[in-house]
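Working notes for the structure below.
2 protein chains.
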Amino acid sequence: MGDSIYSTYPPNLSPVQQEYLVTTIKNWAIQNGLAVRPAPTALPVGADDNRVLATNAPVTLFPSPFPAACFEEATALQTIYNQLYAAITCNEEWLGKIIEDLVDVDDFVANLWKTHLEVKKEGYVQDLSLGLFRSDYMAHVTPEGPPSLKQVEFNTISSSFGGLSALVRSLHAELLTSPPGSPISYPPHPLFDSNIPPENTAVETLSGGLAAAHTAYGPSKSTPALPLCVLFVVQEGERNIFDQLALSKHLTHTHKIPVFRLPSNRIIDDTLIPSSNPSRPLIYRPPHSPETAFEVTTVYLRAYYAPDEYKSSRDWEARTHLERSAAIKCPTIQQVLAEPTGPDHLTSFMGGIDPAIIARLRQTFAPQYDLSTDGQGRKLAFNPETAMKHVLKPQREGGGNNIYKAEIPNFLRSIPEKDWKGWVLMELIDPASDAENVALRNDGEVLRGNVISELGVYGTILWETNGKVLHNDQGGWLLRTKGKEVNEGGVAAGFSSLDSILLY
Amino acid sequence: MGDSIYSTYPPNLSPVQQEYLVTTIKNWAIQNGLAVRPAPTALPVGADDNRVLATNAPVTLFPSPFPAACFEEATALQTIYNQLYAAITCNEEWLGKIIEDLVDVDDFVANLWKTHLEVKKEGYVQDLSLGLFRSDYMAHVTPEGPPSLKQVEFNTISSSFGGLSALVRSLHAELLTSPPGSPISYPPHPLFDSNIPPENTAVETLSGGLAAAHTAYGPSKSTPALPLCVLFVVQEGERNIFDQLALSKHLTHTHKIPVFRLPSNRIIDDTLIPSSNPSRPLIYRPPHSPETAFEVTTVYLRAYYAPDEYKSSRDWEARTHLERSAAIKCPTIQQVLAEPTGPDHLTSFMGGIDPAIIARLRQTFAPQYDLSTDGQGRKLAFNPETAMKHVLKPQREGGGNNIYKAEIPNFLRSIPEKDWKGWVLMELIDPASDAENVALRNDGEVLRGNVISELGVYGTILWETNGKVLHNDQGGWLLRTKGKEVNEGGVAAGFSSLDSILLY
Numbered sequence: 001m002g003d004s005i006y007s008t009y010p011p012n013l014s015p016v017q018q019e020y021l022v023t024t025i026k027n028w029a030i031q032n033g034l035a036v037r038p039a040p041t042a043l044p045v046g047a048d049d050n051r052v053l054a055t056n057a058p059v060t061l062f063p064s065p066f067p068a069a070c071f072e073e074a075t076a077l078q079t080i081y082n083q084l085y086a087a088i089t090c091n092e093e094w095l096g097k098i099i100e101d102l103v104d105v106d107d108f109v110a111n112l113w114k115t116h117l118e119v120k121k122e123g124y125v126q127d128l129s130l131g132l133f134r135s136d137y138m139a140h141v142t143p144e145g146p147p148s149l150k151q152v153e154f155n156t157i158s159s160s161f162g163g164l165s166a167l168v169r170s171l172h173a174e175l176l177t178s179p180p181g182s183p184i185s186y187p188p189h190p191l192f193d194s195n196i197p198p199e200n201t202a203v204e205t206l207s208g209g210l211a212a213a214h215t216a217y218g219p220s221k222s223t224p225a226l227p228l229c230v231l232f233v234v235q236e237g238e239r240n241i242f243d244q245l246a247l248s249k250h251l252t253h254t255h256k257i258p259v260f261r262l263p264s265n266r267i268i269d270d271t272l273i274p275s276s277n278p279s280r281p282l283i284y285r286p287p288h289s290p291e292t293a294f295e296v297t298t299v300y301l302r303a304y305y306a307p308d309e310y311k312s313s314r315d316w317e318a319r320t321h322l323e324r325s326a327a328i329k330c331p332t333i334q335q336v337l338a339e340p341t342g343p344d345h346l347t348s349f350m351g352g353i354d355p356a357i358i359a360r361l362r363q364t365f366a367p368q369y370d371l372s373t374d375g376q377g378r379k380l381a382f383n384p385e386t387a388m389k390h391v392l393k394p395q396r397e398g399g400g401n402n403i404y405k406a407e408i409p410n411f412l413r414s415i416p417e418k419d420w421k422g423w424v425l426m427e428l429i430d431p432a433s434d435a436e437n438v439a440l441r442n443d444g445e446v447l448r449g450n451v452i453s454e455l456g457v458y459g460t461i462l463w464e465t466n467g468k469v470l471h472n473d474q475g476g477w478l479l480r481t482k483g484k485e486v487n488e489g490g491v492a493a494g495f496s497s498l499d500s501i502l503l504y
Numbered sequence: 001m002g003d004s005i006y007s008t009y010p011p012n013l014s015p016v017q018q019e020y021l022v023t024t025i026k027n028w029a030i031q032n033g034l035a036v037r038p039a040p041t042a043l044p045v046g047a048d049d050n051r052v053l054a055t056n057a058p059v060t061l062f063p064s065p066f067p068a069a070c071f072e073e074a075t076a077l078q079t080i081y082n083q084l085y086a087a088i089t090c091n092e093e094w095l096g097k098i099i100e101d102l103v104d105v106d107d108f109v110a111n112l113w114k115t116h117l118e119v120k121k122e123g124y125v126q127d128l129s130l131g132l133f134r135s136d137y138m139a140h141v142t143p144e145g146p147p148s149l150k151q152v153e154f155n156t157i158s159s160s161f162g163g164l165s166a167l168v169r170s171l172h173a174e175l176l177t178s179p180p181g182s183p184i185s186y187p188p189h190p191l192f193d194s195n196i197p198p199e200n201t202a203v204e205t206l207s208g209g210l211a212a213a214h215t216a217y218g219p220s221k222s223t224p225a226l227p228l229c230v231l232f233v234v235q236e237g238e239r240n241i242f243d244q245l246a247l248s249k250h251l252t253h254t255h256k257i258p259v260f261r262l263p264s265n266r267i268i269d270d271t272l273i274p275s276s277n278p279s280r281p282l283i284y285r286p287p288h289s290p291e292t293a294f295e296v297t298t299v300y301l302r303a304y305y306a307p308d309e310y311k312s313s314r315d316w317e318a319r320t321h322l323e324r325s326a327a328i329k330c331p332t333i334q335q336v337l338a339e340p341t342g343p344d345h346l347t348s349f350m351g352g353i354d355p356a357i358i359a360r361l362r363q364t365f366a367p368q369y370d371l372s373t374d375g376q377g378r379k380l381a382f383n384p385e386t387a388m389k390h391v392l393k394p395q396r397e398g399g400g401n402n403i404y405k406a407e408i409p410n411f412l413r414s415i416p417e418k419d420w421k422g423w424v425l426m427e428l429i430d431p432a433s434d435a436e437n438v439a440l441r442n443d444g445e446v447l448r449g450n451v452i453s454e455l456g457v458y459g460t461i462l463w464e465t466n467g468k469v470l471h472n473d474q475g476g477w478l479l480r481t482k483g484k485e486v487n488e489g490g491v492a493a494g495f496s497s498l499d500s501i502l503l504y
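Chain order of the listed sequences is V and G.
The first sequence begins at 1 in the UniProt record's numbering and counts up by one.
The second sequence begins at 1 in the UniProt record's numbering and counts up by one.
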């Protein structure tokens with residue numbers, strides 16, 4: 001591509017052009033459900049007592065250029081990644097070893113593991129696990145050679161934004177082609193010529209995974225048989241609800257599957273496992289129609305993924321209750337714990353996979369280092385010069401806690417050495433340094449500047465504990481773009497924006 | 001139907017049931033664009049400086065029962081009504097006579113007529129007129145016999161709510177059938193058994209009318225030829241914008257027709273008629289891409305329908321400018337003026353129409369009386385007993401000015417007798433007196449009580465000044481339901497709600 005593609009991208013906007021785009025996008029977003037609920041704290045007291053207001057999700061005005069080869073590689077590897085993470089969850093010995101290292105430093109992990117062991121003791125009654133995954137990457141740019149794909153994170157829990165991301169793709173595609181025959185919504189740019197973002201089937205893929213689990217559950221285990229349903233376990237006051245509703249709408253309309261939303265604090269009240277039934281079906285009685293009972297085939301957790309959601313023993317009780325049941329869980333506890341992995345152990349999990357594919361998978365890892373013992377990792381972390389090229393990441397996901405560059409040495413000195421094993425040192429990926437875009441925040445503010453983008457690719461897999469895979473699919477993507485000064489993501493919070501891609 | 005259908009309708013809601021319905025509807029509305037912008041005055045200062053917020057349109061929780069025979073009759077008569085109003089606009093003599101009576105009492109009508117005469121003097125260059133109409137009815141209930149259909153109003157200008165009404169139909173249909181296989185969103189009721197609201201093709205019908213006009217315009221009249229477009233002339237700060245966007249989206253996606261929105265105060269700035277071209281094409285240059293010129297085939301006015309929108313001579317200049325142009329207008333000035341008509345003159349306009357059909361049309365009129373001369377009208381208006389069964393309506397539409405029942409005699413005494421001819425006395429229609437529903441306002445308040453509903457049926461017609469009809473279609477409907485204490489409509493203002501129908 002010779003000079004950076006960003007030297008002329010995105011095209012400049014006159015005030016009138018920007019006003020047109022911003023107005024069009026604000027309206028398009030509300031018309032099409034590309035929306036979020038505003039944070040109550042963002043509004044004056046009394047502005048929205050009945051919680052009716054909505055606003056556009058934060059989005060970029062332009063799609064961002066992304067190297068076609070990197071996009072294709074990410075797509076090609078997704079089902080392999082699905083398999084890798086499924087395989088890890090099936091390897092209890094391996095999991096146990098990782099956990100042992102973490103239980104001292106992480107109460108959340110310790111409690112999850114305890115829950116798992118408790119249910120294991122009684123015996124699991126559901127052999128199937130469902131994963132809705134998202135593998136996040138950056139295009140790593142070096143002075144020599146083409147950009148390469150580097151994984152930032154693999155999400156096994158609450159892989160969000162599939163619903164809204166598909167809408168952002170439609171928004172940008174529509175702007176690029178409207179009005180029909182004479183597209184002038186954007187100022188002209190060579191990258192726009194006959195180019196629209198690739199199809200985004202995130203909703204179909206994620207819903208397809210849930211539908212596959214629903215079907216694989218089989219007939220009702222109750223006598224008499226009950227109607228079956230999928231349960232979305234959600235957070236109270238969820239602001240990113242329209243992202244989730246895109247999936248439930250598709251499940252209902254296309255797959256004709258009943259879906260209910262259940263706030264996590266209502267699990268104990270509204271579901272039960274009949275003690276007389278050794279199959280332990282999970283029975284849900286909708287509070288608005290308590291005389292009707294449904295049997296839950298699949299529990300999709302969009303809650304209970306962060307430690308602060310477990311406020312009391314009642315929450316752990318609820319989580320255990322779900323794990324005990326015959327419903328297929330997405331994710332299972334094993335999936336949550338399967339997160340940390342490095343490039344070194346790939347081969348052991350990927351028996352039967354072409355070594356050439358494993359090599360491509362390995363290519364997507366940025367070098368990362370263990371800090372539990374003296375060695376290269378600690379050396380790189382404490383040398384101020386090499387620290388600048390690294391990020392310190394907690395072993396367990398949660399966001400908000402990454403430590404960057406110059407801050408690394410002092411941070412490590414500030415915590416006890418025994419806790420260092422809870423962290424991984426990772427070489428920073430170098431995204432295009434001159435990438436630019438314009439963001440429309442959900443309060444209507446417009447920001448232009450240097451940005452960093454992460455590509456997420458969605459995948460879904462359904463497997464048995466013995467490793468047998470029943471459904472393995474990929475499709476759909478997310479581009480999340482944040483201002484360069486912001487180090488942590490979180491689109492719903494307004495710090496970063498939903499974006500789409502133009503391949504080059 | 002024996003006893004009133006409302007004796008058990010709508011079913012009672014427990015607090016939990018109501019909460020479920022309200023939450024589901026609030027979310028459904030935003031996910032699907034059944035939305036309005038909140039009034040800036042409804043929010044605290046500083047709550048929405050960038051105008052990003054949206055809320056659900058006011059809707060009823062339940063569809064309202066409506067007599068199937070009345071609905072079918074309204075649908076059957078719509079294309080005949082289209083023809084009637086087209087015929088009236090073609091009869092300049094008749095129009096002139098009505099106007100003569102009104103010019104003294106109504107500046108707005110006088111100015112419209114002046115504009116028409118001015119353009120007529122120069123000569124119209126567009127022979128086609130497009131009507132997007134909505135005929136509003138009530139089901140008139142009498143102790144003896146089945147309910148009958150009575151027309152409340154025929155709208156020739158800015159017939160709104162087609163876009164949102166189609167969505168309310170989808171909302172209620174979805175609630176009635178969800179979850180699939182075990183519908184429990186509503187408490188059970190016999191009226192819900194295998195019953196959903198009839199199909200609502202308002203968006204297809206109205207967009208189809210605009211598309212028919214766009215096509216009938218023919219090729220560009222400019223040299224060199226310009227790309228063609230449809231122009232929506234809109235009010236600044238329109239809050240009911242998502243209703244309008246439903247039509248433009250359909251025009252763009254289905255008919256592949258470029259559509260632009262132009263605030264009425266920008267007409268003079270952004271459009272021109274080249275003085276060198278005797279065909280007078282209307283050229284639109286989008287301010288966000290001023291180097292691109294489009295030729296406007298069709299001007300769809302969603303503005304300039306109320307006197308207070310004409311703030312200065314510049315507005316009349318803009319209106320004249322549009323009328324002079326070759327663009328097809330929806331509505332033309334003649335359509336605006338064609339509004340007032342009574343049952344007495346039907347036959348003269350309906351040459352060639354089966355007298356049996358005309359009789360059915362006549363059946364839909366409530367008796368109405370002229371007040372210009374001494375006679376039955378004045379007698380009924382001043383007798384306190386008969387006044388109670390009537391409403392006094394201004395000859396020209398605008399809303400907000402109807403005078404009801406006991407207030408009629410004193411109102412007439414309060415204005416000069418010479419102005420009485422600006423008013424028509426109409427016998428009030430008796431809707432079901434025990435109709436009930438529950439409304440969710442756009443601020444989230446929930447109101448239950450006695451209601452009155454009006455059914456609107458949409459139609460569109462394209463015709464030549466000589467009377468030849470090129471396109472005449474009907475389809476789609478609106479049910480607008482208001483609390484009984486409220487005498488005037490206006491859904492966007494929150495006084496009444498969008499509803500749908502269950503036929504019985």
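Yeah, the Cβ is synthetic: ideal placement off N, Cα and C, and Gly gets one too.
Measuring straight from C-alpha to C-alpha, what distance separates residue i and residue j?
i, j, result
"residue 390 of chain G", "residue 291 of chain G", "57 Å"
"residue 383 of chain G", "residue 105 of chain G", "25 Å"
"residue 302 of chain G", "residue 117 of chain G", "23 Å"
"residue 497 of chain G", "residue 239 of chain G", "15 Å"
"residue 18 of chain V", "residue 155 of chain V", "35 Å"
"residue 297 of chain V", "residue 151 of chain G", "52 Å"
"residue 142 of chain V", "residue 428 of chain V", "12 Å"
"residue 149 of chain G", "residue 138 of chain G", "6 Å"
"residue 388 of chain G", "residue 140 of chain G", "16 Å"
"residue 111 of chain G", "residue 392 of chain G", "24 Å"
"residue 102 of chain V", "residue 337 of chain V", "10 Å"
"residue 456 of chain G", "residue 316 of chain G", "30 Å"
One question on the structure: do residue i and residue j come within less than 8 Å of each other, judged by their Cβ atoms?
i, j, result
"residue 502 of chain G", "residue 63 of chain G", "yes"
"residue 484 of chain G", "residue 451 of chain G", "yes"
"residue 304 of chain G", "residue 248 of chain G", "no"
"residue 162 of chain V", "residue 473 of chain V", "no"
"residue 202 of chain G", "residue 476 of chain G", "yes"
"residue 258 of chain V", "residue 232 of chain V", "no"
"residue 195 of chain V", "residue 440 of chain V", "no"
"residue 31 of chain G", "residue 192 of chain V", "no"
"residue 499 of chain G", "residue 442 of chain G", "no"
From the DSSP output, read off the bridge partner residues of residue i.
i, result
"residue 393 of chain V", "V:424"
"residue 437 of chain V", "V:449"
"residue 454 of chain G", "G:480"
Do the segment 122-140 of chain V and the segment 450-463 of chain V make contact, defined as three or more Cβ pairs closer than 8 Å? yes
Sequence ranges, beta strand (DSSP E) only - wholly within the UniProt domain "Glutathione synthase substrate-binding" (229-338) of chain V, length at least 3: 259-263, 282-284, 294-302 and 328-330
For the segment 325-340 of chain G and the segment 263-283 of chain G, state whether three or more C-beta atom pairs, one from each stretch, are separated by less than 8 Å. yes
Three or more C-beta pairs below 8 Å linking the segment 76-88 of chain V and the segment 14-31 of chain V: no
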